[in-house]
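>
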Amino acid sequence: MESFYQFFELFATFVEGAIAVSVSTSLADRKLGVKKNTLYVFFMSIIYTILITLLNKWQVFSFFTIAVAIAFTFAAIFFTTRGSLLYKLCAVMITWFFIHATDYIISYSLIMIIGKSIDISEGISLILVPGTIRMIYILINKLLQIAIFVSFHKLYSKLKLLNKKNIFLLFAVTTLSYIVMSILTNLVLTDSLISLQTAVIFSLFFIILTIIISIISVVISSKYQNEKREKELIALTNTLMEKNYTEIKHAQDIIRKQVHDFKNHILTIDGMLSEDSNAKKYTKELLETSYQQAQNCHSGNEIIDSIINCKMNEATNQNIEFNHKILLNTKLNISFVDICAILANQIDNALEACAKISIDKERSVKVQIWQKESFVFFKVINTVDKNPFDSLNNLKSTKDNSDTMHGLGIKNIRETAAKYDGFLKNNYIDGYFISLVMVSNHD
Numbered sequence: 040m041e042s043f044y045q046f047f048e049l050f051a052t053f054v055e056g057a058i059a060v061s062v063s064t065s066l067a068d069r070k071l072g073v074k075k076n077t078l079y080v081f082f083m084s085i086i087y088t089i090l091i092t093l094l095n096k097w098q099v100f101s102f103f104t105i106a107v108a109i110a111f112t113f114a115a116i117f118f119t120t121r122g123s124l125l126y127k128l129c130a131v132m133i134t135w136f137f138i139h140a141t142d143y144i145i146s147y148s149l150i151m152i153i154g155k156s157i158d159i160s161e162g163i164s165l166i167l168v169p170g171t172i173r174m175i176y177i178l179i180n181k182l183l184q185i186a187i188f189v190s191f192h193k194l195y196s197k198l199k200l201l202n203k204k205n206i207f208l209l210f211a212v213t214t215l216s217y218i219v220m221s222i223l224t225n226l227v228l229t230d231s232l233i234s235l236q237t238a239v240i241f242s243l244f245f246i247i248l249t250i251i252i253s254i255i256s257v258v259i260s261s262k263y264q265n266e267k268r269e270k271e272l273i274a275l276t277n278t279l280m281e282k283n284y285t286e287i288k289h290a291q292d293i294i295r296k297q298v299h300d301f302k303n304h305i306l307t308i309d310g311m312l313s314e315d316s317n318a319k320k321y322t323k324e325l326l327e328t329s330y331q332q333a334q335n336c337h338s339g340n341e342i343i344d345s346i347i348n349c350k351m352n353e354a355t356n357q358n359i360e361f362n363h364k365i366l367l368n369t370k371l372n373i374s375f376v377d378i379c380a381i382l383a384n385q386i387d388n389a390l391e392a393c394a395k396i397s398i399d400k401e402r403s404v405k406v407q408i409w410q411k412e413s414f415v416f417f418k419v420i421n422t423v424d425k426n427p428f429d430s431l432n433n434l435k436s437t438k439d440n441s442d443t444m445h446g447l448g449i450k451n452i453r454e455t456a457a458k459y460d461g462f463l464k465n466n467y468i469d470g471y472f473i474s475l476v477m478v479s480n481h482d
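Using the numbering used here, read the sequence shown as starting at 40 and increasing by one per residue.
Printed below as a string of structure tokens:
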């Protein structure tokens, strides 16, 4: 039976090492793939088990052993994570704080439940001495630790969003709390008064609560900062788009005027030439040539015309069939910037999706804009090579890579529509993706 207890102790130490290394690695942004990382964690856990077992033979409870465990974890993740030095230290301290906090709380709770005395110093031997009670404690403790870290797994990536200042704050609070927790725990193992021991337990809960509040506060702060930067980026993008399309419209007007003047010059020259000359024949050929762009958009709204004409040229260059139908009865009370945010992003998404279709003749984009009562509708229909929605009806990314710009286009459209009490609705029907935006046209 003693051999079984020893094996169980080794297994528990192995699990502890695996938790420490794997969680710290996830928090500090791992470099390795899933398979390589799993093998690496397994190998490091074996080394950790050997190291801690040797130290425990020297002294069962030692702050030196704890320090070695923390240092080993840091060394284990140093070359397998992408984070900075401070980032890695913070990840290790957070991991070990929660590991030891659950160790202490479970042990104290078990002592209170099955111990013969509420004096922790008298009941601690029940946990430290190999036997059934210690096995129960270890089993409950490790299962709870695994459950906690798995439950919060999705939050690990949030640590990467924190700036250096917030990382340092989190590291300082976690380290200080860990030191206080260790000191208070050491008092529990002495012949302290029962009232002091009870206070220590409540102190542990308070420290854990403080850490959780700190983490939540930092995450919320970082989320706010990210959203703020994202909105600033969207606003800047919209302004630049509006300026770009305004300049394009101005350039198109100049070219149109120059073409008109050029035709008048040709007419003048044509009248000065004799009927049977080669020059006369050449001028006639020039006059018969249309210099006006085919299917030019003349909706009455400058920015819409500029966007449609520009995107029409882009579609032609990508072998994409492009059609438009614009019916505007009254003046639009929507800023040029916001029209750009909606229409340009809709068409850009459509052209990008069409470009992924291998067969040119299947590439098609159709733009429809119309007014109904006090509302304006922007509808863009394009062919797609596959259903862009997943099983949960969420729009999948069509980007080849994922970066901070991903998703801003659709978010931009949705937020701009909301400014005018409108909405964005995306659908997929029989090989076509349909983007429909409705906005109010009130003064």
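All C-beta atoms, glycine included, are put in the ideal place defined by N, C-alpha and C. If you're wondering where the values come from, they're calculated on a predicted model, not measured in any experiment.
If we ignore side chains and look at the alpha-carbon of each, how far apart do Gln331 and Leu475 end up?
The predicted model places Gln331 with a pLDDT of 46, which falls under 50 and marks its position as unreliable; any figure quoted below should be read in that light. About 31 Å.
> Could you check whether Leu149 and Ile185 sit closer than 9 Å to each other, using their CB atoms as the reference points?
Cβ atoms of Ile185 and Leu149: not closer than 9 Å.
> For Lys75, which of Thr120, Phe50, Phe136, Ala51 has the nearest alpha-carbon?
That would be Thr120, whose Cα lies nearest to the Cα of Lys75.
> With DSSP as the reference, identify every bridge partner of Leu363, one or two as the case may be.
The displayed chain sequence assigns His, not Leu, to residue 363. Val406.
> Report the rounded CA-to-CA distance for Ile246 versus Gly470, giving the unit in angstroms.
Each residue's Cα considered, the two are about 56 Å apart.
> Go ahead and pull the three-state DSSP assignment for Val476.
If DSSP states are grouped into helix, strand and coil, Val476 belongs with the strands.
> Could you please give the first and the last residue of the uninterrupted beta strand (DSSP E) stretch that includes Tyr467?
Run containing Tyr467: 462-468, per the beta strand (DSSP E) assignment.
> With 16 other CB atoms within 10 Å as the buried threshold, where does Phe50 fall?
It is exposed - the Cβ of Phe50 has fewer than 16 other Cβ atoms within 10 Å.
> Under the three-state reduction of DSSP, which class applies to Tyr143: helix, strand or coil?
Three-state DSSP puts Tyr143 in a helix.
> Looking only at C-alpha atoms, which of Phe103, Ser430, Val419, Leu94 sits nearest to Phe361?
Selected option, being the one with the closest Cα: Val419.
> Less than 8 Å between the CB of Phe117 and some heavy atom of the ligand PLP, yes or no?
Although the ligand PLP was asked about, the structure shown includes no ligands whatsoever.
> Given a cut-off of 9 Å on the beta-carbon distance, is the pair Thr64 and Ile116 in contact?
Cβ distance < 9 Å, so Thr64 and Ile116 count as in contact.
> Can you tell me which of the three DSSP states Phe416 falls into?
In the structure shown, Phe416 sits in a strand (DSSP, three-state: E or B).
> Determine the DSSP secondary structure at Phe137, reduced to helix, strand or coil.
Helix.
> Looking only at its own chain, which residues have a Cβ that is under 6 Å from the Cβ of Cys129, when we skip the five neighbours before and after it?
Correct list, in chain order: Ile206, Leu209, Phe210.
> Mind checking whether Thr141 and Leu183 have CB atoms under 9 Å apart?
Result yes, Cβ atoms of Thr141 and Leu183 sit closer than 9 Å.
> For Phe350, which option in Val376, Gly339, Leu367, Gln385 has the closest C-alpha, if you only look at C-alpha atoms?
In the sequence under discussion, the amino acid at residue 350 is Lys, which differs from the Phe named in the question. The shortest C-alpha separation from Lys350 is found at Gln385.
> Around the C-beta of Phe46, are 16 or more other C-beta atoms found within 10 angstroms, so that it is buried, or is it exposed?
By the 10 Å Cβ count, Phe46 comes out exposed.
> Taking only three categories from DSSP, how would you classify Arg121?
It is coil, neither helix nor strand.
> Where does Tyr126 fall in DSSP's three states?
Reduced to three states, the DSSP call for Tyr126 is helix.
> Over the uninterrupted alpha helix (DSSP H) stretch that includes Thr64, give me the two end residues.
Here the alpha helix (DSSP H) through Thr64 covers 41-66.
> Using alpha carbons as the reference points, say which of Met132, Lys199, Lys364 lies closest to Ile408.
The shortest Cα separation from Ile408 among Met132, Lys199, Lys364 belongs to Lys364.
> Using a Cβ-Cβ cut-off of 7 Å (strictly less than) and excluding sequence neighbours within five positions of Met132, which residues of its own chain qualify?
Hits under 7 Å: Phe210, Thr213, Thr214, Tyr217.
> Compare the C-alpha of Ala110 against each of Trp97, Thr134, Lys96 and name the closest.
The candidate whose alpha carbon is nearest that of Ala110 is Thr134.
> Determine the direct distance from the alpha carbon of Ser479 to that of Ile346, and round the result to whole angstroms.
Rounded to whole angstroms, Ile346 to Ser479 spans 21 Å at the Cα level.
> Could you check whether Ile452 and Ala354 sit closer than 9 Å to each other, using their CB atoms as the reference points?
Against a cut-off of 9 Å, the Cβ pair of Ile452 and Ala354 comes out as no contact.
> Ignore the nearest five residues each way along the sequence and tell me which others in Ile222's own chain have a CB closer than 6 Å to its CB.
Nothing listed; no residue qualifies.
> Given this structure, state the Cα-to-Cα distance separating Asp68 from Lys199, to the nearest angstrom.
Asp68 and Lys199: Cα-Cα distance of roughly 7 Å.
> Shortest alpha-carbon distance to Ile449 belongs to which of Lys458, Tyr459, Leu434?
For Ile449, the nearest C-alpha among the options comes from Leu434.
> Could you please give the first and the last residue of the uninterrupted alpha helix (DSSP H) stretch that includes Arg173?
Where Arg173 is concerned, the enclosing alpha helix (DSSP H) stretches over 171-190.
> Could you spell out the range, first to last residue, of the alpha helix (DSSP H) harbouring Ala394?
Note, Ala394: alpha helix (DSSP H), 384-394.
> Would you mind working out which of Val376, Cys336, Leu366, Lys405 sits nearest Ile359, comparing C-alpha positions?
Measuring from the Cα of Ile359, the nearest candidate turns out to be Lys405.
> Taking Lys203 as the reference, which of Glu271, Leu125, Phe136 has the closest Cα?
Of Glu271, Leu125, Phe136, the residue nearest in Cα terms is Leu125.
> Could you check how far apart the C-beta atoms of Asn421 and Cys393 are, in whole angstroms? I think they sit under 8 Å.
About 5 Å separates the two Cβ atoms, so the contact holds.
> Under 7 Å Cβ to Cβ from Asp344, same chain only, skipping five residues before and after it: list those, please.
Excluding residues within five positions, the ones whose Cβ falls inside 7 Å are Lys288, Cys336, His337, Ser338.
> Have a look at Ser403, Phe417, Phe416, Tyr176 and flag the residue whose alpha-carbon is nearest the alpha-carbon of Val423.
Of the listed residues, the one whose Cα sits closest to Val423 is Ser403.
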